[in-house]
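Worksheet: one structure, shown below.
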Amino acid sequence: DWQHMKPAILGVIMEQFMSGQPVMNAGESEDIEEGEFFEEGDQETVATIKELLETRVRPAVAQDGGDITFKGFKEGIVYLSMRGACAGCPSSTATLQHGIQNL
Numbered sequence: 083d084w085q086h087m088k089p090a091i092l093g094v095i096m097e098q099f100m101s102g103q104p105v106m107n108a109g110e111s112e113d114i115e116e117g118e119f120f121e122e123g124d125q126e127t128v129a130t131i132k133e134l135l136e137t138r139v140r141p142a143v144a145q146d147g148g149d150i151t152f153k154g155f156k157e158g159i160v161y162l163s164m165r166g167a168c169a170g171c172p173s174s175t176a177t178l179q180h181g182i183q184n185l
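If you read the sequence shown in our numbering, its first letter stands for residue 83, the second for the next number, and so on.
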């Protein structure tokens with residue numbers, strides 16, 4: 083049930099942002115296949131992540147001239163693609179963090 087999962091998922095996301103570690107490790111982007119990827123057993127979690135992205139995060143990012151799309155979910159890590167004004171923006175991580183904090 084999402085009401086029980088939401089606090090844990092948001093907690094992990096916020097913990098990552100607060101740690102100061104990079105959202106993506108250098109060199110990992112070459113390992114990501116084209117299209118979406120996730121384990122069959124993670125379909126429900128992926129559906130929830132996509133719903134949050136589509137209904138809450140993506141509209142906010144679009145207001146700043148960018149776009150964010152789901153790429154995959156692997157070993158508890160959500161892979162996203164940021165495009166448009168967000169792709170080269172140094173504050174895109176902070177913007178994403180702010181959006182997630184307000185969910």
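For every residue, glycine included, the Cβ atom is placed at its ideal position computed from N, Cα and C.
Grouping DSSP H, G and I as helix and E and B as strand, with all else coil, what is Gly166? strand
Start and end residues, beta strand (DSSP E) containing Thr151: Gly148 to Lys156
Name the two residues that bound the continuous alpha helix (DSSP H) containing Leu134. Gln125 to Leu134
Looking at Phe155 and Glu121, is the spacing between their C-beta atoms short of 9 Å? yes
For Arg140 and Asp149, what's the separation of their Cα atoms in angstroms? 6 Å
Whole-angstrom distance between Thr127 and Glu97, CA atom to CA atom: 19 Å
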